[in-house]
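Before any comments, here is the structure.
Number of protein chains: 2
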Amino acid sequence: MNTQKDIARAAGVSLKTVSRVMNGEEGVKPATREKVRRLMREMGYQPSVAAQLMRTKQSDIVGFIADRVATSFSSIDLIRGAQDMAWELGRRMMLLSTQGTARDEYLAEAELAQFRAGAAIYATISHQAVRLDPAPRRRILLNCFDPETPSLAFVPDDYQMARDLTRTIFERGYRRPFFLNLSEDHVAAKLRRDGFIDEARACGLEVADRVLEGTVAVDGGHRQCVDDVLPPLLSDKERPDLVLCGQDQMAMQVYAQLWRAGLEVGRDVGVASFDNQEPIAANLTPGLSTMALPYYEMGRQAMVAACAASDGAPEIVRIPGTLQDRASF
Amino acid sequence: MNTQKDIARAAGVSLKTVSRVMNGEEGVKPATREKVRRLMREMGYQPSVAAQLMRTKQSDIVGFIADRVATSFSSIDLIRGAQDMAWELGRRMMLLSTQGTARDEYLAEAELAQFRAGAAIYATISHQAVRLDPAPRRRILLNCFDPETPSLAFVPDDYQMARDLTRTIFERGYRRPFFLNLSEDHVAAKLRRDGFIDEARACGLEVADRVLEGTVAVDGGHRQCVDDVLPPLLSDKERPDLVLCGQDQMAMQVYAQLWRAGLEVGRDVGVASFDNQEPIAANLTPGLSTMALPYYEMGRQAMVAACAASDGAPEIVRIPGTLQDRASF
DNA sequence: TCAAAAATGTCTCACGTTGTCATTATGGCG
DNA sequence: CGCCATAATGACAACGTGAGACATTTTTGA
Numbered sequence: 002m003n004t005q006k007d008i009a010r011a012a013g014v015s016l017k018t019v020s021r022v023m024n025g026e027e028g029v030k031p032a033t034r035e036k037v038r039r040l041m042r043e044m045g046y047q048p049s050v051a052a053q054l055m056r057t058k059q060s061d062i063v064g065f066i067a068d069r070v071a072t073s074f075s076s077i078d079l080i081r082g083a084q085d086m087a088w089e090l091g092r093r094m095m096l097l098s099t100q101g102t103a104r105d106e107y108l109a110e111a112e113l114a115q116f117r118a119g120a121a122i123y124a125t126i127s128h129q130a131v132r133l134d135p136a137p138r139r140r141i142l143l144n145c146f147d148p149e150t151p152s153l154a155f156v157p158d159d160y161q162m163a164r165d166l167t168r169t170i171f172e173r174g175y176r177r178p179f180f181l182n183l184s185e186d187h188v189a190a191k192l193r194r195d196g197f198i199d200e201a202r203a204c205g206l207e208v209a210d211r212v213l214e215g216t217v218a219v220d221g222g223h224r225q226c227v228d229d230v231l232p233p234l235l236s237d238k239e240r241p242d243l244v245l246c247g248q249d250q251m252a253m254q255v256y257a258q259l260w261r262a263g264l265e266v267g268r269d270v271g272v273a274s275f276d277n278q279e280p281i282a283a284n285l286t287p288g289l290s291t292m293a294l295p296y297y298e299m300g301r302q303a304m305v306a307a308c309a310a311s312d313g314a315p316e317i318v319r320i321p322g323t324l325q326d327r328a329s330f
Numbered sequence: 002m003n004t005q006k007d008i009a010r011a012a013g014v015s016l017k018t019v020s021r022v023m024n025g026e027e028g029v030k031p032a033t034r035e036k037v038r039r040l041m042r043e044m045g046y047q048p049s050v051a052a053q054l055m056r057t058k059q060s061d062i063v064g065f066i067a068d069r070v071a072t073s074f075s076s077i078d079l080i081r082g083a084q085d086m087a088w089e090l091g092r093r094m095m096l097l098s099t100q101g102t103a104r105d106e107y108l109a110e111a112e113l114a115q116f117r118a119g120a121a122i123y124a125t126i127s128h129q130a131v132r133l134d135p136a137p138r139r140r141i142l143l144n145c146f147d148p149e150t151p152s153l154a155f156v157p158d159d160y161q162m163a164r165d166l167t168r169t170i171f172e173r174g175y176r177r178p179f180f181l182n183l184s185e186d187h188v189a190a191k192l193r194r195d196g197f198i199d200e201a202r203a204c205g206l207e208v209a210d211r212v213l214e215g216t217v218a219v220d221g222g223h224r225q226c227v228d229d230v231l232p233p234l235l236s237d238k239e240r241p242d243l244v245l246c247g248q249d250q251m252a253m254q255v256y257a258q259l260w261r262a263g264l265e266v267g268r269d270v271g272v273a274s275f276d277n278q279e280p281i282a283a284n285l286t287p288g289l290s291t292m293a294l295p296y297y298e299m300g301r302q303a304m305v306a307a308c309a310a311s312d313g314a315p316e317i318v319r320i321p322g323t324l325q326d327r328a329s330f
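Chains as they are written, first to last, in this note's numbering: chain A, 2 to 330; chain B, 2 to 330.
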């Protein structure tokens, strides 16, 4: 592998001149600069990150600590967003996935320290509160926030998303929506519930008794819930004209129950949801209209903050979502 | 940040002794070794990857070049498997996702070169043939293979998986299965077709005319296909007693069509599939029995090969899958 | 007590890059 | 032409680690 020294020898200039060209410093004659550039290309020169790091003591690596994120399949967009933005900014991202154990945390921390990473993004699988030990470097929280230690955090704006979705539902004429909400240990659940109720009030309806706090665990044990709860609701004479689901997987179950009850989704009963997990939402029949979580955008913004010149204010930034409209309501 | 020199000073030993402890060399008194180790812990010593790298010229980083992999949601298991194994082996993995453009390839290659990565895993979103330029380092192919340049590659054993699945189908008494296969530009499609037909023959049935080569594109445009093709099949008096699907998303559509036709999945008509995309397969009602692609295991094995002391033989290793049995047939 | 063996230390170099400072080339002007 | 200012370039050290060669000290065992 060629080094600057090799380039220098080939160009008949000194090591330092090559270094200057490399770092775009002033005071190199254009002709020299060009010659060196050309040789770098021709000789396939690639700078040694190791040596750069050794000199500057601080790497441009941004760690992405993914607490079980890689095991989830929608939050992969968090990673994609961050990765793409890092790429665009010419920075490097190092993915570290942990299982939430102290040992993993320690190893991830050690790895970042060894690479002298200047910043890290800490992402969780679901919108939640976390309690983190102080870190020796800039840290951006993603899909989570620390209520005790203020830091810059990017989370989905669950409240506003619920309001937006609810407004659309009412605008389309639905009047008896029923919300199968996630279980209350999800931060999103409370926010969405509030958004749903507040927006309904703004439209002149009271729906506080039309929310069912689910029993959905993070690993999904909600089948019992939908299958138990939905049939009685449907056979009621005041049956809901729309079922709002806490996540797309739940919507799948709702579809099945509606078929079973002889009801057609989108005609007899509307279905709406949160998430927009493509392979599910796009392949249901009819396609599921669902509030897309802004994971990709969140990932991008977190990376921007991580790469910024100075620390941002320790605020919680709520990113809006957009309705992915298909045909279910 | 403390260096070995700091540790040495604190321990009252020489730099060389610290170095010896670090690298687990022989000939250090246990007591000394312990003292140094303890101080390293207490002082939060972290070796400088930069310096190590500079010295050894070769990093223990393994690149994972993901050709659109991160955008797909089942093949994320490839990444997880590789990442977990890297973690277990004490190696580091650097994720590089490309969009298949030449520019991306170049940037990924440059990045690996800059980190002096010793090996790279090249993974694709679907089982396919690829044509790669020679690389200056060990390269393991994952979910793809190069027909021109022999290299070590790990792919799913689609043929055997199809045979296994078909055998189970016959063992359970089904006699008129129909196979909605992926489009022929998928390598898997041909292999599965052969496996399906061969195993049927071994059971004394001829099913060559019971396979429909789908029109499924990689980005999924198969809805037309299932919805067009299935109804006529179902209204036939010799209607299939089981529908075998090329992927779980297709199975979702089949479920919908069966409901529509008033047929109950698992009782009136069986459904089987390939993939096992958890959120789909587990949340269909009834649960989808599907041949799980061994992505996680493939990722693990590829990482093992990437970290091995010497290059493996340039062979194509076919990894078996296992049936994830639920209740759809 | 002494020799052998084990443990530890000293010193040196190399790795590739960049910051500091010194040196050389160039151009302008009297 | 000679001088100086400035532009261009070069020499060298330092970063933290690992490794080799070899010296010195401590421990062990007979």
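In this text, a Cβ means the ideal position worked out from N, Cα and C, and glycines have one as well.
In terms of residue numbering, what span does the alpha helix (DSSP H) encompassing residue i cover?
i	result
A:Asp165	159-172
B:Ser20	16-23
A:Arg56	50-57
A:Arg69	Where A:Arg69 is concerned, there is no enclosing alpha helix (DSSP H), given that its DSSP letter is neither H nor E.
B:Glu200	188-203
A:Tyr107	103-115
B:Gln302	296-308
B:Val29	Counting along the chain, B:Val29 falls outside any alpha helix (DSSP H), and DSSP gives it neither H nor E.
B:Leu285	Here B:Leu285 belongs to no alpha helix (DSSP H), and DSSP marks it neither H nor E.
Exposed or buried, what is residue i when buried is set at 16 or more other beta-carbons lying within 10 Å of its beta-carbon?
i	result
B:Met253	buried
B:Asp78	buried
B:Asp159	buried
B:Gln354	Here chain B covers residues 2 to 330 and nothing more, so residue 354 of chain B does not appear.
A:Gly174	exposed
A:Ala218	Here the model assigns A:Ala218 a pLDDT of 34, short of 50, so the residue's position is not dependable, and the following value carries that caveat. The residue in question, A:Ala218, is exposed, as its Cβ has fewer than 16 Cβ neighbours within 10 Å.
A:Asp220	Residue placement at A:Asp220 is flagged as unreliable, the pLDDT there being 40, under the threshold of 50; the coordinate-derived value follows with that caveat. Answer is exposed; the Cβ neighbour count stays below 16.
B:Gly1	Look at the range of chain B in this structure, 2 to 330, and you will see that residue 1 of chain B is not part of it.
B:Asp249	buried
A:Ala91	It is worth fixing the name first, because residue 91 of chain A is Gly in this sequence and not Ala. So A:Gly91 ends up on the exposed side.
A:Ser236	exposed
A:Tyr107	exposed
B:Ser329	buried
A:Glu239	exposed
B:Gln258	buried
B:Glu298	buried
A:Leu16	exposed
Going by the DSSP bridge assignment, what does residue i pair with across the sheet?
i	result
B:Asn182	B:Glu214
B:Gly64	B:Met95, B:Ala121
B:Thr291	B:Ser274, B:Gln325
B:Gln142	Here the sequence assigns Leu to residue 142 of chain B, which means Gln is not the residue at that position. Partner(s): B:Tyr123, B:Ala154.
B:Cys246	B:Leu181, B:Ser274
B:Gln129	B:Cys145
Should residue i be listed as close to the ligand ATP, given that the test is whether its C-beta is under 6 angstroms from any heavy atom?
i	result
A:Val19	Within the structure as shown, the ligand ATP is missing, as the structure has no ligands at all.
Got a sec, what are the start and stop residues for the beta strand (DSSP E) residue i sits in?
i	result
A:Val266	That residue, A:Val266, is in no beta strand (DSSP E); it is neither H nor E in DSSP.
B:Arg319	317-320
Exercise. Select from the region 245-262 of chain B all residues with a C-beta closer than 7 angstroms to any C-beta belonging to chain A, and list them in chain order.
Key: Gln250, Met253, Gln254, Ala257, Trp260
Quiz item: Within the chosen definition, does the region 281-293 of chain A reach the region 119-137 of chain A through at least 3 CB pairs nearer than 8 angstroms?
Solution: no
Practice problem: For the region 298-305 of chain A and the region 262-281 of chain B, state whether three or more C-beta atom pairs, one from each stretch, are separated by less than 8 angstroms. | Solution: no
Practice problem: For the region 126-150 of chain B, enumerate the residues whose C-beta is nearer than 9 angstroms to any C-beta of chain A, in chain order. | Solution: Pro137
Quiz item: Counting pairs of Cβ atoms below 8 angstroms between the region 61-68 of chain B and the region 93-100 of chain B, do you hit three or more?
Solution: yes
Quiz item: Between the region 281-294 of chain B and chain A, which residues of the former have a C-beta closer than 8 angstroms to a C-beta of the latter?
Solution: Ile281, Ala283, Asn284, Leu285, Thr286
Quiz prompt | At least three beta-carbon pairs within less than 8 angstroms, the region 36-50 of chain B to the region 102-117 of chain A | solution = yes
Quiz item: What residues in the region 36-54 of chain A have a beta carbon less than 9 angstroms from any beta carbon of chain B?
Solution: Gly45, Gln47, Pro48, Ser49, Val50, Ala51, Ala52, Gln53, Leu54
Quiz item: Between the region 138-155 of chain B and the region 308-322 of chain B, do three or more beta carbon pairs fall short of 8 angstroms?
Solution: yes
Exercise. Please list the residues of the region 89-112 of chain B that have a C-beta atom closer than 8 angstroms to any C-beta atom in chain A, keeping them in chain order.
Key: Arg93, Met94, Met95, Leu96, Ser98, Leu108, Ala111, Glu112
Exercise. Could you tell me whether the region 226-244 of chain B touches the region 166-184 of chain B, where touching means 3 or more Cβ pairs closer than 8 angstroms?
Key: yes
Quiz item: Does the region 163-174 of chain B come close enough to the region 184-201 of chain B that 3 or more CB-CB pairs lie under 8 angstroms?
Solution: yes
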